[in-house]
Amino acid sequence: MKVRVHVSLKNGVLDPQGRAIHHAIEGLGFAGVKDVRAGRLFELEVDDSVTDAALEDMAGKLLANLVIENYRIERVAG
Numbered sequence: 000m001k002v003r004v005h006v007s008l009k010n011g012v013l014d015p016q017g018r019a020i021h022h023a024i025e026g027l028g029f030a031g032v033k034d035v036r037a038g039r040l041f042e043l044e045v046d047d048s049v050t051d052a053a054l055e056d057m058a059g060k061l062l063a064n065l066v067i068e069n070y071r072i073e074r075v076a077g
């Protein structure tokens, strides 16, 4: 089974990478983009026996810095 873990900065945390991307978008002449927040996407291929609790543990201990980031886990049907 495939699992996606989406990691993003919490609201209120400065995002210099997102700001640089936004500046580049404007520099290329694209209009209408008000804000950009950069994040990360992890795709895991796991056994069906891996529990939601184990995935939460992985995400909270390794994939996201819970001080400044949020995460969302999505199981993808194969």
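Under numbering that gives the first Met the number 0, read the sequence shown as residues 0 to 77, first letter to last.
In this text, a Cβ means the ideal position worked out from N, Cα and C, and glycines have one as well.
Everything numeric in this text was worked out from a predicted model, so none of it was measured.
Test item: CB-CB of residue i and residue j under 7 Å
i: glycine 17; j: arginine 36; result: yes
i: methionine 0; j: aspartate 47; result: yes
Host beta strand (DSSP E) of residue i (start-end)
i: isoleucine 72; result: 68-75
i: leucine 8; result: 1-8
Residue of the options minimising C-alpha distance to residue i
i: glycine 31; options: His21, Gly38 and Leu40; result: His21
i: valine 75; options: Glu25, Phe41 and Leu13; result: Phe41
i: leucine 13; options: Lys60, Leu43, Gly38 and Glu55; result: Gly38
Residue i, enclosing alpha helix (DSSP H) - first and last residue
i: glycine 17; result: 15-26
i: leucine 54; result: 51-57
Residues bridged to residue i [DSSP beta-bridge criterion]
i: arginine 39; result: Val6
Exercise for the section: Evaluate the contact criterion for the segment 3-12 versus the segment 66-77: three or more CB pairs, one atom per stretch, below 8 Å. Expected result: yes
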